[in-house]
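So the sequences go chain by chain: A and B. Quick note on our numbering: the first sequence kicks off at 14 and runs consecutively. Quick note on our numbering: the second sequence kicks off at 14 and runs consecutively. Backbone N, C-alpha and C fix where the C-beta goes; we use that ideal spot for every residue, glycine too. Since the model is a prediction, treat every value here as computed from it, not as a measurement. A short write-up of the structure that comes next.
Number of protein chains: 2
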Amino acid sequence: MVNWFGSLIEGAPWMFPDLLSLPLLGQVSEAEVEPLVLTSVLLSLIVVYLAAKVGSEICIRINLPPVLGELIGGLVVGVSVLHLIVLAETGDSPESALIKLVGWVAGLEGEALQQVSQAESRVISVLAELGVIILLFEIGLESNLKELIRVGPQAAIVAVVGVAVPFTVGTTGLITLFGLGTIPAIFAGAALTATSIGITAKVLADLKKLSSTEGQIIIGAAVLDDVLGIIVLAVVASLAKTGEVQIAHVIYLMVGAVTFLVGSIFIGRILNPYFVALVDRLQTRGQILITALIFAFLLAYLAAAIQLETILGAFAAGLILAETSKHQELQEKVSPIADMLAPIFFIAVGARTDVSVLNPFNPDNRPGLIIASFLVVVAIVGKLLSGFVVFGQPGINRLAVGIGMIPRGEVGLVFAGVGATSGILSESLDAAIIVMVIFTTFLAPPLLRLVFGNTEDAQGLTTAEIKATAPGEQQ
Amino acid sequence: MVNWFGSLIEGAPWMFPDLLSLPLLGQVSEAEVEPLVLTSVLLSLIVVYLAAKVGSEICIRINLPPVLGELIGGLVVGVSVLHLIVLAETGDSPESALIKLVGWVAGLEGEALQQVSQAESRVISVLAELGVIILLFEIGLESNLKELIRVGPQAAIVAVVGVAVPFTVGTTGLITLFGLGTIPAIFAGAALTATSIGITAKVLADLKKLSSTEGQIIIGAAVLDDVLGIIVLAVVASLAKTGEVQIAHVIYLMVGAVTFLVGSIFIGRILNPYFVALVDRLQTRGQILITALIFAFLLAYLAAAIQLETILGAFAAGLILAETSKHQELQEKVSPIADMLAPIFFIAVGARTDVSVLNPFNPDNRPGLIIASFLVVVAIVGKLLSGFVVFGQPGINRLAVGIGMIPRGEVGLVFAGVGATSGILSESLDAAIIVMVIFTTFLAPPLLRLVFGNTEDAQGLTTAEIKATAPGEQQ
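Here is the structure:
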């Protein structure tokens, strides 16, 4: 039974692929595929994280938001350039360069390797979806219902105008000027609505303008915009699934979205003390995190079950738990998980985008590029207008408020991702939206620095900032 | 193009499954399967977390280790009882009750639902594997090479005897007394070797015996045991893959395991300052976590590529990074991720176990039960012996040291999980190992309390403990 010398010739078994691939002759066995799915997922995650870190670190050094770097990193490792991360959308499973490496090391090919490729692609897709769910849960946790109510009417009007103008002009323009179908036009219009609270808040913090009146209005409006954008996305994505614009369905979904959000927050606030009491009584590891994840995943599932999007449920769960006394502790626990999973989402969005459709030397691409320029103009002008409707604040820098609303960031990419996954957006329209997101996210930080720099002479520092600055450091 | 009333009759679309399942007539589309994979994964995670929390919270209240509760929770939701989490191993995809619910809500059945079921099962399996990888990475981070060297020869001899005796007696007994094949016998013997550092440390901390001489030796030996157990698992699991015991291969693997572990730690220690310098230069979110994960996943992949186990690589990565000045910060970031992913592994192990083979009223099961009793006896006696080989410590409570080594905990379950996944262990042998893990993990805490209670009269409290206890509180 003991073979003392049998393996001497296979000291390096990966050198003899045919010795190991014998089981291929029969049915592909699960025991053969399963470990390779794991190792290919591990390799994919290494590639994802390297791309995310290299991209974001380069971007932050040239004063661009890190999320942009992750997207571009995804472009590089995805179908556009390196073909390392290839996420199947169409049902066929293209073998990425990475899967070929895994197959070569293990001596596996053919049907079994195709199964590995498909499974790996599905696992990475689900991890990416979990990433955006955790990200929206975290955004919810960082939001503050009371803060939203306090910044009140100013922020609300900026948010509403900043959603309504780009959406209406964008959708109408795409239908009338470009002859697009209603569904893709509405979807692309909806992608114009969101403001990235993460990017905006980061830019304002870097400029030390978070506590200025303009900063307060921008943050308040961005938070509201996030909520509006999520509702718009849920409505539009659900809409797109049925294939037609059915007004009764829109109303059903809007009522559903509002009822779900308001209802879950209402019930959530009632249940919040019980959440805290329950977590306090639990004695095992991860008591607050696991309890919160159960809640977030449950709301995400319920949102999906009533035809909304999972991310709406996750955001509502975050908003509810932000009201508890445990929100600080919970945020600390969720943050590393978002660090781990969110980059997978942004890389996946980039990896799915085929930028070759934007090559201007190919005549087929020109319509897409014209759409992209149209979207960029609408995206910028629509948000700039929103700054000019602020009332009752005579000395305010309206231009700064408008520019602060420009970056689309994560939420814009969520639209692009959902649109690409669901097959609603054509490749060129999807790429055009990503170009719009890249442009707006790109432009806002230097523009914001420019307009705030100009007002510094006119208005000077705020009282709080003067107090905070030591005399010796003041110029 | 706008249909104003079309959706009035489908206000509750899930009530009309045939309206939504029309695409089933043709090829099953990816766009139809993909969102359901996500929602079924979300539901599965909710079930996993509920089972893990209910199980561990009950266990901690009756003075048993929480991990035992997660295992039993897995038994309840798995193939043994509720059939909610059914992880396919054999290639066919059984539909769990949970998948049936997802299908019913979405109005999906047949081939498409089977695809959803298979994909969900694969995603949960990979998440479970990532869970055990992160767990071993965390155990590595919590270990301390210098500490291991300091407790020195005492701990080493306890560890070696505690591995060698149960392994030799167990494997020989299973082959000679029960006529088992060499591979399963070695695998089951190997499962007898590990000591759970987590459970042992927790029990000692609860008894305030961590700083006693016995406590120091137990912890040191348990850490070494963990490393030995991981090498044994890597060797045995790799062995099992080739189908025979090939001594040259064993040597190749042992040399490989030692070279890999020693080499990666050696090179790792050289690279450690660069890791710290790199992390310090990174400016974007998750700089330390993502850098560490890239390193851990890379070593895990390399270990798998040279036919060792992924967990060995993850453990080595943890051990290496434990030496850096950033290990505290890193541990805080990894901890919530382990909280999130590790329970999936334990629940999956429990869910895969069919305890019906342990029903004594079924005559077919009796051999399995006899094996289980044999394993339990060897597991306990083998570790008790290890306590009696401690030299140069005349006043020591040797019984306490031996009992402290008894709980098998996580590492024993890792063996059971790997054995079940790879198909090496028969159902009854796998269940017998789990019974052995449950018994040893169960027995150790009350036994340890008993023997340490007895020595308190003979030896009294240690000086450190007397100093730490205020006079008023002393009995």
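At a Cβ-Cβ threshold of 8 Å, A:Glu227 and A:Gly417 count as neighbours.
Residue-level contact check: A:Val139 touches chain B, since one or more beta carbons of chain B fall below 8 Å from its beta carbon. When Cβ-Cβ separations below 8 Å define contact, A:Pro166 makes no contact with chain B.
For the stretch 302 to 319 of chain B, the beta-carbon criterion of a distance under 8 Å to any beta-carbon of chain A is satisfied by Leu302, Ile303, Thr304, Leu306, Ile307, Phe310, Leu311, Ala313, Tyr314, Ala317 and Ala318. The continuous alpha helix (DSSP H) containing B:Leu114 extends over residues Ala110 to Ala119. Under the three-state reduction of DSSP output, A:Thr184 falls in the helix class. By the 16-neighbour rule on beta-carbons within 10 angstroms, A:Ser138 is buried. In this structure, the beta-carbon distance from B:Thr181 to B:Ile188 does not fall below 8 Å. Under the 10 Å beta carbon count, A:Tyr287 is surrounded by fewer than 16 other beta carbons and is classified as exposed. B:Gly299 is positioned such that its CB atom lies no closer than 8 Å to that of B:Phe150. The contact set of A:Met353 on chain B, defined by CB atoms closer than 8 Å, consists of Gly299, Leu302, Ile303, Leu306 and Ile350 in chain order.
In the DSSP assignment, B:Phe401 falls outside any alpha helix (DSSP H) and carries neither an H nor an E. With its beta carbon less than 8 Å from one in chain B, A:Ser69 belongs to the interface.
Secondary structure note for A:Lys346: its alpha helix (DSSP H) is the uninterrupted segment His340 to Arg365. Cβ neighbours of A:Leu154 within its own chain (closer than 7 Å, five residues either side excluded): Gly331, Leu334, Ala335, His340, Leu343, Gln344 and Val347. Remark: fewer than three beta-carbon pairs, one from each stretch, lie closer than 8 Å, so the stretch 370 to 388 of chain A and the stretch 60 to 79 of chain A are not flagged as touching. DSSP places B:Pro79 in the uninterrupted alpha helix (DSSP H) bounded by Pro79 to Val90.
Cβ-Cβ separation between A:Ala329 and A:Leu302: approximately 18 Å, too far for a contact (criterion under 8 Å). In the three-state reduction of the DSSP assignment, A:Lys222 falls in the coil class, being assigned neither a helical nor a strand state.
For the pair A:Ala65 and A:Pro356, the CB atoms are nearer than the 8 Å cut-off. Membership of B:Ser138 in the alpha helix (DSSP H) is indicated by the continuous run Gly123 to Glu155. For B:Arg421, there are no neighbours in chain A by C-beta distance under 9 Å, as the nearest C-beta there is about 19 Å away. The beta carbon of A:Leu88 lies closer than 8 Å to those of Val94, Gly363, Ala364, Thr366 and Val368 in the same chain, with the five residues before and after it left out. For A:Ala413, the enclosing alpha helix (DSSP H) begins and ends at Arg411 to Gly417. Contact annotation, B:Ala235 with B:Thr213: C-beta distance approximately 5 Å; criterion of less than 8 Å satisfied.
The beta-carbon of B:Leu51 is placed less than 8 Å from the nearest beta-carbon of chain A. Interface annotation, B:Glu336: not in contact with chain A, CB-CB separation never under 8 Å.
The beta carbon of A:Val46 sits closer than 8 Å to the beta carbons of Ala125, Gln128, Val129 and Ala132 from its chain, once the five residues preceding and following it are set aside; these are given in chain order. Annotation for A:Lys222: Gly228 and Phe465 place their beta carbon closer than 6 Å to its own, counting only its chain and skipping 5 residues before and after.
Interface with chain B (8 Å Cβ-Cβ cutoff): A:Ala329 is excluded.
When rounded, the separation of the alpha-carbon atoms in A:Thr453 and A:Gly269 is 31 Å.
The Cβ atoms of A:Leu438 and A:Pro197 lie closer than 8 Å to each other. Under a 10 Å Cβ-count criterion, B:Asp293 is classified as exposed, with fewer than 16 other Cβ atoms of the shown protein chains found around its own Cβ.
Rounded to whole angstroms, the separation of the alpha carbons of B:Ile409 and B:Val403 is 9 Å. Rounded to the nearest whole angstrom, the C-alpha separation of B:Pro420 and B:Leu205 is 10 Å.
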